[in-house]
Amino acid sequence: MDHLWLFITLALLAEILGTVGGFGSSLFFVPIAGYFLDFQSVLGITALFHVSSNLTKITFFRKGVDKKLLFSIGIPAVIFVIIGAAASKYFKSELLESILAVFLILLSLFFLIFKSFSVKPTRANSIGGGVLSGLMAGLLGTGGVIRGMVLAAYNLKIEVFIATSAIIDLGIDLSRSVVYTLNGYVHTHDLYLIPILLVVSIAGTYIGKLILSRISDNQFKTIVLVLVLVTGIVILFKQFE
């Protein structure tokens with residue numbers, strides 16, 4: 001891969017932001033990796049990268065897990081990530097990238113404008129959030145923001161929030177990794193990136209954990225949303241080049 005060090009640096013940044021934001025690194029990693037790899041390869045590598053990333057988060061934030069949410073969000077998320085991953089091969093990669101760009105732009109604008117918006121902590125919303133986050137993860141490679149939004153409604157301690165989200169995400173990523181491999185998205189010539197990204201996930205999660213103890217939640221959420229907005233705009237403009 002050309003510019004490997006740039007790729008590693010950006011992947012590390014994605015992991016740090018994903019850890020602190022609590023929604024996982026894929027929100028940033030998918031569009032970043034899209035500048036170095038084709039979109040189907042990005043889906044395959046992201047799923048494998050996230051397996052190691054989530055195992056790292058579970059290790060660092062293992063103080064508690066909300067088992068009730070693990071099932072109400074996790075089970076529908078795993079079912080629908082398989083559906084989304086299987087369906088992804090029927091769409092052109094350019095279309096999926098455009099959908100991803102619009103998804104990121106609309107989502108970030110919504111939360112920047114409606115800062116006080118929150119999801120009610122109901123079982124129906126938990127199941128719905130699991131369905132939508134799983135489907136988006138399978139089709140577009142990222143759905144952690146939706147899952148994070150639902151988890152935030154329950155006012156969990158940060159260790160419980162991140163550990164619960166990571167375990168759900170692990171189930172999602174293991175499931176879609178199998179489907180992506182069957183779809184032919186995981187290429188042998190890209191596998192050398194896996195040990196590199198394993199180190200990145202450990203370093204990024206550790207740095208993210210340090211930042212969590214030093215920064216205001218509201219300040220960071222605003223920064224992250226602005227970055228998500230800019231990322232979405234850049235991806236969208238890329239489609240017209």
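Heads up: the sequence shown at position 56 corresponds to 56 in the numbering used here, and the numbers run straight through without jumps.
Heads up, the beta-carbon is just placed ideally off N, CA and C, and yes, glycines get one too.
Expected contact under 8 Å - CB spacing of residue i and residue j to nearest Å
i: Y192; j: G44; result: That belief does not hold up - the Cβ atoms of Y192 and G44 are roughly 14 Å apart, past 8 Å.
i: E159; j: G74; result: About 18 Å; that fails the 8 Å criterion.
i: V102; j: G129; result: At roughly 20 Å, the Cβ-Cβ gap does not stay under 8 Å, so V102 and G129 are not in contact.
i: S53; j: S25; result: 6 Å
i: L225; j: L112; result: 5 Å
i: V51; j: L170; result: 7 Å
Residues near residue i by beta carbon distance below 7 Å, same chain, minus five either side
i: T56; result: S201, I202 and T205
i: L10; result: I32
i: L27; result: G18, T142, G144, V145 and V228
i: K89; result: N183
i: L212; result: V20 and I158
With 16 other Cβ atoms within 10 Å as the buried cut-off, status of residue i
i: H3; result: exposed
i: E94; result: exposed
i: S118; result: exposed
i: Q239; result: exposed
i: S108; result: buried
i: T164; result: buried
i: Q40; result: buried
i: T59; result: exposed
i: V230; result: exposed
i: R214; result: exposed
i: L106; result: exposed
i: L258; result: Nothing about residue 258 can be reported from this structure: the residues present for the chain run from 1 to 241 only.
i: F110; result: exposed
C-alpha gap between residue i and residue j, whole angstroms
i: F114; j: V228; result: 16 Å
i: L37; j: I16; result: 21 Å
i: V145; j: V178; result: 23 Å
i: L198; j: F49; result: 7 Å
i: S175; j: V78; result: 7 Å
i: T188; j: V42; result: 13 Å
i: L140; j: R123; result: 25 Å
i: V81; j: G21; result: 21 Å
i: V30; j: G84; result: 16 Å
i: G126; j: S116; result: According to the sequence shown, residue 126 is Ser rather than Gly. Straight-line Cα distance between these residues: approximately 19 Å.
i: R147; j: K120; result: 13 Å
i: I167; j: A47; result: 14 Å
i: D190; j: I196; result: 11 Å
i: L104; j: K92; result: 19 Å
i: I162; j: I194; result: 23 Å
i: Q219; j: S133; result: 25 Å
i: W5; j: L13; result: 12 Å
i: I223; j: I172; result: 27 Å
i: R62; j: T181; result: 30 Å
i: L96; j: G232; result: 13 Å
Same chain, Cβ closer than 6 Å to residue i, five either side skipped, listed in chain order
i: F7; result: F36
i: V131; result: P76 and F80
i: G34; result: V42
i: V234; result: none
i: S100; result: Inspection of the sequence shows that residue 100 is occupied by Leu rather than by Ser. Here the set comprises L140.
Neighbourhood of residue i by C-beta, 8 Å cutoff - its chain only, sequence neighbours within 5 removed
i: A86; result: G138, V179 and N183
i: G208; result: E15, I16, L17, G18, T19 and V20
Residue-chain proximity (residue i, chain C), Cβ-Cβ < 8 Å
i: S52; result: Looking for chain C here will not work: only one protein chain is present.
Can at least three beta-carbon pairs, one atom from the stretch 149-159 and one from the stretch 60-71, be found at a separation below 8 Å?
Enough Cβ pairs lie closer than 8 Å, so yes.
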